[in-house]
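Residue numbers (our numbering): 1 to 278. Contents: one structure, followed by commentary.
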């Protein structure tokens, strides 16, 4: 598996984890902790988008590289095809000569087969026959050698074409795979953008509803004009530990009889399930 593919799979896993926590914006009762959770989701999605965009950039570079390789392979095939055409054209002349030699040998006899008669004629002073035989053999040898060289070149060129076509096929397959990955990552980037916008919209909605508590100055989603409720709680050893004090906005300690104290817990921006002992 290529480095790009491994990165791609890792991104799919990471981004799936990031988007899995993105819920549809709530429309019911407001959870005071929802804003912090949404801000955490927002940050996770932003990081995931950054990683996906880096992967998209890598994949786009890979696509460009494969397209360039494919283009070079096609040009190389065309160049070799032109060279094959030239070699085939160059082969026609010696091939035609070999045909003519065969015709001469068939119609007039092969001078090499009449070697004994030629030697007798040479002894009698006829050098023309001997010269014809030598010339005939020279033409045959030259034609055979030229054909062998050209045929060897054609074989090498055919092998080069096959190798280049194989490389082109492999490059095109990798290009298709990379383009598919790019489409998938692009769709993931689009989905992350939608999820991020949903979270941002919900954060904006919650911030519009958010206000500050009059007594604590902290953020709250409660009505700032709601009445405050004060609960007096015993503060003697038998009453310890009291319940609900930590949820109060303000706690007053007041002195009562016998140097004993009671607590006045003021609840305004929030409440408590249990308060006491009262």
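Here a beta-carbon is modelled for each residue, glycine too, at the ideal position from N, C-alpha and C. Bear in mind the structure is a predicted one, so any value in this text is a computation, not a measurement.
Original post:
Can you tell me whether DSSP reads residue 226 as helix, strand or coil?
Top reply: coil
**OP:** Give me the Cα-Cα distance between residue 265 and residue 227, rounded to the nearest whole angstrom.
**Re:** CA-CA distance, residue 265 to residue 227, rounds to 14 Å.
Subject >> Option nearest residue 159 by Cα separation, candidates 33, 54, 76 and 271 >> reply: Of the candidates 33, 54, 76 and 271, the one whose C-alpha sits nearest the C-alpha of residue 159 is 76.
Original post:
Short check: CB of residue 56 to CB of residue 192, under 8 Å?
Top reply: no
Original post:
Could you give the distance in angstroms between the alpha-carbon of residue 268 and the alpha-carbon of residue 195?
Top reply: 35 Å
Original post:
I think residue 271 touches residue 242, with their Cβ atoms under 8 Å apart; what is that distance to the nearest whole Å?
Top reply: Incorrect: roughly 15 Å between the Cβ atoms, too far for contact.
**OP:** Quick one: grab the DSSP three-state call for residue 47.
**Re:** Reduced to three states, the DSSP call for residue 47 is helix.
Original post:
Secondary structure at residue 280, three-state DSSP: helix, strand or coil?
Top reply: With the chain represented from 1 up to 278, any question about residue 280 goes unanswered, as that position is not in the structure.
Original post:
Nearest-angstrom Cα distance between residue 222 and residue 206?
Top reply: 12 Å
Original post:
Assuming residue 42 and residue 200 make a contact with CB atoms under 8 Å, what is their CB distance in whole Å?
Top reply: 7 Å
Original post:
At which residues does the beta strand (DSSP E) containing residue 254 begin and terminate?
Top reply: 250 to 255
Original post:
Given a threshold of 16 other Cβ atoms within 10 Å of its Cβ, counted over all protein chains shown, does residue 27 qualify as buried or as exposed?
Top reply: With a pLDDT of only 39 at residue 27, under the threshold of 50, the placement of this residue in the model should not be trusted; the figure read from the coordinates follows. It is exposed - the Cβ of residue 27 has fewer than 16 other Cβ atoms within 10 Å.
Subject >> Nonlocal neighbours in the same chain, by C-beta distance under 7 Å from residue 236, ignoring five residues either side >> reply: 260
Original post:
Can you name the residues that DSSP bridges to residue 265?
Top reply: 231 and 251
Original post:
With distances taken between CB atoms, is the gap from residue 47 to residue 182 smaller than 8 Å?
Top reply: No. Outside cutoff.
Subject >> Simplified DSSP assignment, three categories, for residue 55 >> reply: helix
Subject >> Within 8 Å, strictly: CB atoms of residue 250 and residue 263 >> reply: no
Subject >> Exposure label - residue 44; buried when at least 16 CB within 10 Å >> reply: That one is buried.
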